[in-house]
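J.:
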Amino acid sequence: MVAAPIFGYLGDRFNRKVILSCGIFFWSIVTLSSSFISKEYYWLFVLSRGLVGIGESSYSSISPTIIGDLFTNNSRTMMLSVFYLAIPLGSGLGYILGSSAKEAAGDWHWALRVSPVLGITAGTLILLFVPEPKRGSADQMAGRIKTRTSWFCDMKALAKNRSYVFSSLASAAVSFATGAFGMWIPLYLARAQVVQKTAEPCTKEICSSTDSLIFGAITCVTGLLGVVIGAATTRLCRQKTERADPLVCAVSMLGSAIFICLIFVVAKKSIVGAYVCIFIGETLLFLNWAITADILMFVVIPTRRATAVAFQSFTSHLLGDAGSPYLIGLISDALQQNYTTSALWRFLSLGYALMLCPFIIVLGGMFFLATALFFLDDREEAEKQLTRPPSSVRV
1 MVAAPIFGYL GDRFNRKVIL SCGIFFWSIV TLSSSFISKE YYWLFVLSRG
51 LVGIGESSYS SISPTIIGDL FTNNSRTMML SVFYLAIPLG SGLGYILGSS
101 AKEAAGDWHW ALRVSPVLGI TAGTLILLFV PEPKRGSADQ MAGRIKTRTS
151 WFCDMKALAK NRSYVFSSLA SAAVSFATGA FGMWIPLYLA RAQVVQKTAE
201 PCTKEICSST DSLIFGAITC VTGLLGVVIG AATTRLCRQK TERADPLVCA
251 VSMLGSAIFI CLIFVVAKKS IVGAYVCIFI GETLLFLNWA ITADILMFVV
301 IPTRRATAVA FQSFTSHLLG DAGSPYLIGL ISDALQQNYT TSALWRFLSL
351 GYALMLCPFI IVLGGMFFLA TALFFLDDRE EAEKQLTRPP SSVRV
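Numbering (the UniProt record's numbering), first residue to last: 1 to 395.
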């Protein structure tokens, strides 16, 4: 999170695929190294898990800008959709692969030794085969901008871009919910089964990972469906209104909040019903990932896009998943403080805490509606800068 602005600055000024590959290699090495740290050096393990974020911020900040310079309009929407499939798909596969590796080896450390191999492979392929397009090449602006403004001037311009600000806040709402769900939903469903008397409370150090596997599988499928449906829906709605991008995001967020609320209504009686609500709610929630990035591409000029993506990522993590798992756990512990031995209250307290998520999602939907109000003006301003003569282009 902290490193994202640094990579945004570098990504607007230097060779992006080299920065991207270095970040992936760094992530892979740190992840693999952390799996060999003994429990006597727990502080070092925590530090290594924090350093992983440096590598993550490199590719999350830079990759969308490369795609933005290779494609435009509907083609860009589709390619961004393919890229953003990696977020829910990778998260879901992480649950499955990590749980499977832990059970197969009987040691959770092996969950950290599989993904680095994939990371090193990906970084090598990027260095060898991914082109480094000129900034603005897809917008026919490559080579037009000869001078660059300072980082502070770039930030000032982004702060004045209302569509960018509101869509970033909406993205933080999505991050808040997904971070909390990833941490707590499997445990919530496990507690629900204890209340239904279909499972026994887990008192072992390593509990069954069935709920994590199912939740991971659902995340994979809903991520795939959500991003694809979102891209297709946006392309169709653009034929009806030029504000299609933020409006599709707003409607999907508000719809998602309804089904996520239903999770906590039906979970006490039916685990299957809860999974159905999770499936629909996550599908609607994942609709907006690629579209949010496309909104940014429309309203921010190419020479600021890496910085814009980086600070959108920074905002999303700072206000979203950096604190949401802790906050949900804190609320749950506070609610069950006097009833720690009650299985029913342990289940209910976590559910009450998770009920904060749909309210945050509704707030995110409101931010997307606000984005729709300013989207056309901000897009027009960006297009004007693309069509000005080189000497008058303001960066």
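Note that the Cβ used here is the ideal one computed from N, Cα and C, for glycine as well.
Report the three-state DSSP secondary structure of Asn-15 (helix, strand or coil).
T.: The answer is coil: DSSP assigns Asn-15 none of H, G, I, E or B.
J.: Buried or exposed: which applies to Leu-47, given that a residue is buried once 16 or more other Cβ atoms fall within 10 Å of its Cβ?
T.: Exposed, since its Cβ has fewer than 16 Cβ neighbours within 10 Å.
J.: For Tyr-253 versus Phe-176, is the C-beta spacing smaller than 8 angstroms?
T.: With the sequence shown as reference, residue 253 is identified as Met, and Tyr is not the correct amino acid for it. No.
J.: Going by C-alpha distance, which of Gly-8, Glu-56, Ile-19 is nearest Val-30?
T.: Measuring from the Cα of Val-30, the nearest candidate turns out to be Glu-56.
J.: Buried or exposed: Val-117, going by 16 or more other Cβ atoms within 10 Å of its Cβ?
T.: So Val-117 ends up on the exposed side.
J.: Is the beta carbon of Gly-230 sitting closer than 8 angstroms to the one on Phe-259?
T.: Contact flag unset, no.
J.: Met-297 by DSSP, collapsed to three states: which one?
T.: Helix.
J.: Can you give me the start and stop residues for the alpha helix (DSSP H) that Phe-129 sits inside?
T.: Note, Phe-129: alpha helix (DSSP H), 115 to 129.
J.: Please check the pair Ser-168 and Gln-312, which I expect to be a contact at CB under 8 angstroms, by giving their CB distance rounded to whole angstroms.
T.: Confirmed, Cβ separation roughly 4 angstroms.
J.: Give a yes or no on contact between the segment 255 to 273 and the segment 281 to 297, applying the rule of three or more CB pairs nearer than 8 angstroms.
T.: Verdict: yes, contact present.
J.: With a 10 Å radius around its C-beta and 16 neighbouring C-beta atoms as the bar for buried, classify Lys-17 as buried or exposed.
T.: So Lys-17 counts as buried.
J.: How big is the Cα-Cα spacing for Leu-127 and Phe-26?
T.: If I take the Cα positions, the gap works out to 14 angstroms.
J.: Evaluate contact between the segment 207 to 224 and the segment 185 to 199, counting only Cβ atoms and requiring at least three cross-stretch pairs below 8 angstroms.
T.: Segments in contact, yes.
J.: Could you check the C-alpha separation between Val-395 and Ser-150 for me, to the nearest Å?
T.: Residue placement at Val-395 is poorly supported in this model, since its pLDDT is 45, which falls under 50; the coordinates are not used for a value here.
J.: Is Glu-132 helix, strand or coil when you go by DSSP?
T.: If DSSP states are grouped into helix, strand and coil, Glu-132 belongs with coil.
J.: So is Gln-336 buried or exposed if we call it buried at 16+ other beta carbons inside 10 Å?
T.: Buried.
J.: Straight-line CA distance for Ala-382 to Ala-159?
T.: One C-alpha to the other measures close to 14 angstroms.
J.: Going by CA-CA distance only, name the one from Phe-279, Ser-100, Val-174, Gly-94 that's closest to residue 418.
T.: Limits of the chain in this structure are 1 at one end and 395 at the other, which puts residue 418 out of reach.
J.: How is the alpha helix (DSSP H) around Trp-184 delimited, first residue to last?
T.: Run containing Trp-184: 162 to 195, per the alpha helix (DSSP H) assignment.
J.: Decide if Val-165 is buried, meaning its Cβ has at least 16 other Cβ atoms within 10 Å, or exposed.
T.: That one is buried.
J.: Using 8 angstroms for Cβ pairs, my map puts Leu-318 next to Arg-305. What's the rounded Cβ distance?
T.: 20 angstroms between Cβ atoms; not a contact.
J.: Expressed to the nearest angstrom, what Euclidean distance is found between the alpha-carbon atoms of residue 409 and Cys-261?
T.: This structure gives no information on residue 409, because the portion of the chain shown stretches from 1 to 395.
J.: Is the segment 35 to 50 in contact with the segment 269 to 277, if contact means three or more CB pairs nearer than 8 angstroms?
T.: Verdict: no, contact absent.
J.: In terms of alpha-carbon separation, which member of Val-194, Thr-315, Pro-131 lies closest to Ile-271?
T.: Comparing Cα-Cα distances from Ile-271 to each of Val-194, Thr-315, Pro-131, the minimum goes to Val-194.
J.: Do you know how far the Cα of Gly-53 is from the Cα of Thr-315?
T.: About 14 angstroms.
J.: How would you call Leu-44, buried or exposed, if buried means at least 16 neighbouring beta carbons within 10 angstroms?
T.: Exposed, by the Cβ-count rule.
J.: Note down, in chain order, each residue of its chain lying with its Cβ closer than 8 angstroms to the Cβ of Ser-21, except the 5 sequence neighbours on either side.
T.: Answer for Ser-21: Gly-123, Thr-124, Ile-126, Leu-127, listed in chain order.
J.: Kindly give me the distance between the Cβ atoms of Phe-375 and Asp-294, rounded to whole angstroms, as I take these residues to be in contact under 8 angstroms.
T.: Not a contact, Cβ separation roughly 11 angstroms.
J.: Around the C-beta of Tyr-84, are 16 or more other C-beta atoms found within 10 angstroms, so that it is buried, or is it exposed?
T.: That one is buried.
J.: With a 10 Å radius around its C-beta and 16 neighbouring C-beta atoms as the bar for buried, classify Lys-384 as buried or exposed.
T.: Burial call: exposed.
J.: Would you identify the three-state DSSP class for Lys-268, choosing helix, strand or coil?
T.: Note: Lys-268 maps to coil in three-state DSSP.
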